[in-house]
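Chemist:
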Amino acid sequence: MTNPKKPLVIFQNCILRPQHFAKEIFPNPTTLTILPTQKWAITGTHKTRFLEALAGRYTAVPAESRSYPFLEKSVWPASVTSLVTFATDIKPAYLSARYESYREPEDVDLATFLKKSLGSATDGKSPEEQMQVYESVVKRLGLEPLLSQWIVTLSNGQMRRARIARGLLSSPKMLLADEPFLGLDPVSTSTLSQLLGELAPAPQVILGLRAHEPVPDWVSHVAVIDESGLIKGGTRDEVRANLQGLLDRRTSIFIDRSYNFKAAKLLPRIRTGIDSIIDIDYITIAYKGNVVLKNLKWTVRRGERWHLRGNNGTGKSTLLSMITADHPQSWNSKIRLFNEPRKVGRQNYFSINKDIGHASPEIHAIFPSTLTAFQTVSTGFTVGSFLPPSSASHVAGILNKEEQNKRIHGLLEYFNVNPETLFSDLTLNDQKLALFMRAIVKNPEILILDEAFSGMNDESIFRCKQFVDGWGGTVIAIGHVEDEIPICGKYIRLHGGENLAEQGDVENSVL
Numbered sequence: 099m100t101n102p103k104k105p106l107v108i109f110q111n112c113i114l115r116p117q118h119f120a121k122e123i124f125p126n127p128t129t130l131t132i133l134p135t136q137k138w139a140i141t142g143t144h145k146t147r148f149l150e151a152l153a154g155r156y157t158a159v160p161a162e163s164r165s166y167p168f169l170e171k172s173v174w175p176a177s178v179t180s181l182v183t184f185a186t187d188i189k190p191a192y193l194s195a196r197y198e199s200y201r202e203p204e205d206v207d208l209a210t211f212l213k214k215s216l217g218s219a220t221d222g223k224s225p226e227e228q229m230q231v232y233e234s235v236v237k238r239l240g241l242e243p244l245l246s247q248w249i250v251t252l253s254n255g256q257m258r259r260a261r262i263a264r265g266l267l268s269s270p271k272m273l274l275a276d277e278p279f280l281g282l283d284p285v286s287t288s289t290l291s292q293l294l295g296e297l298a299p300a301p302q303v304i305l306g307l308r309a310h311e312p313v314p315d316w317v318s319h320v321a322v323i324d325e326s327g328l329i330k331g332g333t334r335d336e337v338r339a340n341l342q343g344l345l346d347r348r349t350s351i352f353i354d355r356s357y358n359f360k361a362a363k364l365l366p367r368i369r370t371g372i373d374s375i376i377d378i379d380y381i382t383i384a385y386k387g388n389v390v391l392k393n394l395k396w397t398v399r400r401g402e403r404w405h406l407r408g409n410n411g412t413g414k415s416t417l418l419s420m421i422t423a424d425h426p427q428s429w430n431s432k433i434r435l436f437n438e439p440r441k442v443g444r445q446n447y448f449s450i451n452k453d454i455g456h457a458s459p460e461i462h463a464i465f466p467s468t469l470t471a472f473q474t475v476s477t478g479f480t481v482g483s484f485l486p487p488s489s490a491s492h493v494a495g496i497l498n499k500e501e502q503n504k505r506i507h508g509l510l511e512y513f514n515v516n517p518e519t520l521f522s523d524l525t526l527n528d529q530k531l532a533l534f535m536r537a538i539v540k541n542p543e544i545l546i547l548d549e550a551f552s553g554m555n556d557e558s559i560f561r562c563k564q565f566v567d568g569w570g571g572t573v574i575a576i577g578h579v580e581d582e583i584p585i586c587g588k589y590i591r592l593h594g595g596e597n598l599a600e601q602g603d604v605e606n607s608v609l
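Numbering (our numbering), first residue to last: 99 to 609.
(1) Beta strand (DSSP E) containing Ile-450: first to last residue?
(2) Whose C-alpha, out of Glu-122, Leu-418, Met-535, is nearest the C-alpha of Arg-407?
(3) Within 10 angstroms of the Cβ of Lys-392, are there 16 or more other Cβ atoms? Answer buried if so, exposed if not.
(4) Quick one: using the 10 Å Cβ neighbour count with 16 as the cut-off for buried, is Thr-333 buried or exposed?
(5) Output the residue ranges of the beta strand (DSSP E) runs that lie fully inside the segment 424-509 and measure 3 residues or longer, sorted by chain position.
(6) Does the Cβ-Cβ distance between Cys-586 and Val-608 come in under 8 angstroms?
(7) So which of Asp-523, Val-389, Leu-497 has the shortest CA-CA distance to Asn-541?
(8) Please check the pair Thr-470 and Thr-519, which I expect to be a contact at CB under 8 angstroms, by giving their CB distance rounded to whole angstroms.
(9) Which of helix, strand or coil does DSSP assign to Ala-300?
(10) Going by Cα to Cα distance, which pick from His-593, Glu-596, Ala-599, Lys-588 is closest to Asn-606?
(11) Nearest CA to the CA of Thr-422: which residue from Ile-378, Gln-136, Tyr-447?
(12) I need the straight-line Cα distance from Ala-457 to Ala-599, nearest angstrom please.
(13) In whole angstroms, what separates the C-alpha of Pro-432 from that of Val-566?
(14) Got a sec? Which residues, its chain only, sit under 6 angstroms from Ile-574 by beta carbon, not counting five neighbours each side?
(15) Helix or strand or just coil, what does DSSP make of Ser-194?
(16) Count the other CB atoms within 10 Å of the CB of Gln-256; is the residue buried (16 or more) or exposed (fewer)?
(17) Using the Cα positions of Gln-110 and Leu-130, report the straight-line distance between them to the nearest angstrom.
(18) How many angstroms separate the CA atom of Asn-437 from the CA atom of Val-250?
(19) Work out the CA separation of Asp-315 and Asn-597 for me, nearest whole Å.
(20) Just the C-alpha distance for Leu-344 and Leu-239, rounded to the nearest angstrom, thanks.
(21) Quick one: is Ile-485 buried, meaning 16 or more other Cβ sit within 10 Å of its Cβ, or exposed?
(22) Report buried or exposed for Ile-576, applying the criterion of at least 16 other Cβ atoms within 10 angstroms of its Cβ.
(23) Which full runs of the beta strand (DSSP E) of 3+ residues lie inside the segment 111-138, going along the chain?
(24) Count the CB pairs spanning the segment 136-145 and the segment 159-170 that are closer than 8 angstroms, and state whether there are at least three.
(25) Could you please give the first and the last residue of the uninterrupted beta strand (DSSP E) stretch that includes Ser-544?
(26) Can you give me the start and stop residues for the alpha helix (DSSP H) that Asn-419 sits inside?
(27) Excluding five sequence neighbours on each side, which residues of the same chain lie with their C-beta closer than 8 angstroms to the C-beta of Gly-602?
(28) Give me the residue from Gly-594, Lys-499, Met-554 with the minimum Cα distance to Ala-309.
(29) Between which two residues does the beta strand (DSSP E) containing Arg-399 stretch?
(30) Indicate the three-state DSSP secondary structure (helix, strand or coil) for Ile-323 in the structure shown.
(31) Which residue or residues does DSSP assign as beta-bridge partners of His-405?
(32) Relative to the alpha-carbon of Gly-154, which residue among Pro-584, Glu-549, Pro-125, Cys-112 has its alpha-carbon at the smallest distance?
(33) Once DSSP output is grouped into helix, strand and coil, what is the label at Leu-252?
(34) Would you say the segment 171-184 touches the segment 260-276, given that touching needs at least three Cβ pairs under 8 angstroms?
(35) My output table needs one value for Leu-290: the three-state DSSP class, helix, strand or coil.
(36) Suppose contacts are defined by Cβ-Cβ distances below 8 angstroms. Is Ile-461 in contact with Leu-533 by that definition?
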């Protein structure tokens with residue numbers, strides 16, 4: 099039971115620690131009151147830690163310095179709070195499973211995915227009551243038409259709604275959504291934002307936003323958090339100057355120009371040769387009669403930078419999978435890499451991908467957590483495997499082992515990532531950096547950056563962009579936030595279905 103007239107959370111000179119005697123999370127004590135009539139967003143460099151504190155994690159010192167007055171005293175706050183971080187908790191099948199009928203054990207339909215949470219999430223309710231909760235949540239989030247669809251086929255926006263649904267199945271009193279709009283196109287962002295805004299007061303919703311993300315209109319209050327703790331909390335007008343300060347800090351991060359010189363020494367100059375890198379000649383892709391790409395004609399030339407655009411679900415991942423030969427329908431002579439028609443027996447998956455570097459959310463989701471940062475980057479020298487190379491043969495004799503190691507250490511030093519740290523122990527920012535380095539380490543002919551910079555901090559984004567800008571290779575980038583993609587000269591926009599793709603120069607277009 100809750101009392102709608104009492105504050106949701108009160109922090110009063112609160113010191114937060116992982117354990118009672120451990121070092122504090124923030125050096126400054128926190129004082130903040132959140133009322134049930136207010137709709138809050140948390141932003142700043144350390145917003146996630148504050149959301150975790152709101153969810154009842156960390157030890158409050160003294161104990162009474164953090165309280166939840168709207169709850170009955172017998173209710174433990176963490177048991178009625180749902181923190182949804184949108185980091186994937188299922189391992190996607192190989193990319194081919196997205197496009198045909200191949201299935202992995204983890205590949206379940208949406209109904210099964212949601213119902214897995216029913217048992218523990220709705221303890222104390224009868225089976226009939228559990229199903230009532232389930233049906234109510236599914237209807238509320240507009241998921242009914244998707245229940246029979248496999249998880250791996252859901253778009254980013256659909257998967258966000260599915261994860262929120264799982265969070266709601268426990269009937270939480272407070273839903274904390276950290277970066278719910280990460281990687282979403284503007285249409286999906288608007289739809290999800292409206293949905294979250296309409297959920298309160300059952301449950302109360304608090305958002306975690308990145309510094310550059312617009313604050314939804316329905317949010318009334320904002321708290322700004324940095325490494326020291328709470329900088330300011332109040333109405334949008336009261337924190338306007340602080341929000342502008344975050345943006346100013348973000349755009350004015352100074353990157354030493356000596357990095358350009360250092361980057362130029364890390365990778366050799368791009369090889370000269372065939373001008374045409376990728377040729378796709380009027381290809382159509384359909385699944386069970388549903389057209390995804392129609393009569394696509396696309397040519398990518400050496401050194402060009404392309405921004406691959408389109409709303410979630412319009413075929414961007416399908417197009418990339420045609421290039422990388424992950425798609426079952428990619429073995430088609432209408433697809434040519436380096437002027438060689440794609441043909442079984444003439445090429446194979448390994449010969450195609452030896453010239454491609456790739457960073458994507460799918461790779462991140464299934465990447466082994468037990469490798470060190472050094473080993474993670476070293477797997478960029480292998481093809482079709484997450485195992486570190488055992489010899490220089492994986493790079494077709496281009497580099498010997500000593501040269502490989504020198505390049506890896508150079509990249510890790512440039513991006514300031516500890517080579518001995520396990521992938522699982524790296525921050526999200528450093529995991530993304532490690533996978534970017536993995537994509538670039540072999541100096542590929544084609545670099546595919548699929549949301550590669552999303553989730554990085556501002557300095558890392560700027561440094562990665564600067565690195566790519568100074569590198570002469572061919573780039574295909576996906577990203578819905580302009581600040582999170584390298585500078586591109588051309589774009590191709592997919593519209594999905596029977597609609598034809600649109601192409602042109604970036605300077606004459608609108609993102």
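Just so you know, even glycine gets a beta-carbon here, dropped at the ideal spot from N, CA and C. Nothing here was measured: the structure is a model prediction, and the numbers come from that model.
Modeler: Quick look at the numbers:
(1) The residue given as residue 450 occupies position 352 in the sequence shown. Segment 447-451 is the alpha helix (DSSP H) holding Ile-450; no beta strand (DSSP E) there.
(2) Residue mapping note: residue 407 aligns to position 309 of the sequence shown, counting from 1. Measuring from the Cα of Arg-407, the nearest candidate turns out to be Leu-418.
(3) The residue given as residue 392 occupies position 294 in the sequence shown. With 16 or more Cβ atoms within 10 Å of its Cβ, Lys-392 is classed as buried.
(4) Position 235 of the sequence shown, counting from 1, holds the residue named residue 333. The residue in question, Thr-333, is exposed, as its Cβ has fewer than 16 Cβ neighbours within 10 Å.
(5) 433-435, 454-457
(6) Within the sequence shown, the letter at position 488 stands for residue 586. Within the sequence shown, the letter at position 510 stands for residue 608. Cβ distance not < 8 angstroms, so Cys-586 and Val-608 don't count as in contact.
(7) Translated into positions along the sequence shown, residue 541 becomes position 443. Nearest C-alpha to Asn-541: Leu-497.
(8) The residue given as residue 470 occupies position 372 in the sequence shown. The residue given as residue 519 occupies position 421 in the sequence shown. Contact holds; Cβ gap of about 7 angstroms.
(9) Translated into the one-based positions of the sequence shown, residue 300 becomes position 202. If DSSP states are grouped into helix, strand and coil, Ala-300 belongs with coil.
(10) Reading the sequence shown from its first residue, position 508 is the one you call residue 606. It is Lys-588.
(11) The sequence position of residue 422 within the sequence shown is 324, counting from 1. The option with the nearest alpha carbon to Thr-422 is Tyr-447.
(12) For this step, residue 457 is matched to residue 359 along the sequence shown. For this step, residue 599 is matched to residue 501 along the sequence shown. Taking the straight line joining both Cα atoms gives about 24 angstroms.
(13) As a position in the sequence shown, residue 432 is number 334, starting the count at 1. As a position in the sequence shown, residue 566 is number 468, starting the count at 1. Per the sequence shown, the amino acid found at residue 432 is Lys instead of Pro. The straight-line gap from Cα to Cα measures roughly 30 angstroms.
(14) The residue you call residue 574 lines up with position 476 of the sequence shown. Once the five neighbours on either side are set aside, the close Cβ partners of Ile-574 are Trp-404, Leu-406, Ile-546.
(15) Against the sequence shown, residue 194 aligns to sequence position 96. Bear in mind that a pLDDT of 42 at Ser-194, under 50, signals an unreliable position, so the number given afterwards is only what the model happens to contain. Helix at Ser-194.
(16) Along the sequence shown, read from residue 1 onward, the residue named residue 256 stands at position 158. Under this definition Gln-256 is a buried residue.
(17) Numbered from 1 along the sequence shown, position 12 holds the residue referred to as residue 110. Numbered from 1 along the sequence shown, position 32 holds the residue referred to as residue 130. Cα to Cα, the separation comes out at about 7 angstroms.
(18) Translated into the one-based positions of the sequence shown, residue 437 becomes position 339. Translated into the one-based positions of the sequence shown, residue 250 becomes position 152. Distance between the alpha carbons of Asn-437 and Val-250: 33 angstroms.
(19) To locate residue 597, count along the sequence shown from 1; it is residue 499. To locate residue 315, count along the sequence shown from 1; it is residue 217. Rounded to the nearest angstrom, the two C-alpha atoms are 33 angstroms apart.
(20) Residue mapping note: residue 344 aligns to position 246 of the sequence shown, counting from 1. Residue mapping note: residue 239 aligns to position 141 of the sequence shown, counting from 1. Computed Cα separation, rounded: 33 angstroms.
(21) Translated into positions along the sequence shown, residue 485 becomes position 387. Looking at the sequence itself, residue 485 is Leu, so the reference to Ile does not match. Per the 10 Å Cβ criterion, exposed.
(22) For the purposes of this step, residue 576 is taken as the residue at position 478 of the sequence shown. With 16 or more Cβ atoms within 10 Å of its Cβ, Ile-576 is classed as buried.
(23) 128-132
(24) no
(25) By 1-based counting over the sequence shown, the position of residue 544 is 446. For the sequence presented, residue 544 should be read as Ile rather than Ser. Its beta strand (DSSP E) spans residues 544-548.
(26) Here residue 419 refers to the residue found at position 321 when the sequence shown is read from its first residue. In the sequence as presented, Asn is not what sits at residue 419; that position holds Ser. Here the alpha helix (DSSP H) through Ser-419 covers 414-422.
(27) Here residue 602 corresponds to residue number 504 of the sequence shown, with the count starting at 1. Lys-588, Tyr-589.
(28) Counting from 1 along the sequence shown, the entry for residue 309 is found at position 211. Comparing Cα-Cα distances from Ala-309 to each of Gly-594, Lys-499, Met-554, the minimum goes to Met-554.
(29) Indexing the sequence shown from 1 puts residue 399 at position 301. That run of the beta strand (DSSP E) goes 388-399.
(30) On the sequence shown, position 225 is the one that residue 323 refers to. Three-state result, Ile-323: strand.
(31) Stepping through the sequence shown from its first residue, residue 405 is reached at position 307. Answer is Ala-575, Tyr-589, bridged to His-405.
(32) Indexing the sequence shown from 1 puts residue 154 at position 56. Answer by Cα proximity: Cys-112.
(33) As a first step, residue 252 is located in the sequence shown; it is residue number 154 there, counting from the start. DSSP places Leu-252 in coil when its eight states are reduced to three.
(34) yes
(35) Residue 290 sits at position 192 when you count from the first residue of the sequence shown. Residue state, collapsed to three classes: helix.
(36) As a first step, residue 461 is located in the sequence shown; it is residue number 363 there, counting from the start. As a first step, residue 533 is located in the sequence shown; it is residue number 435 there, counting from the start. Contact flag set, yes.
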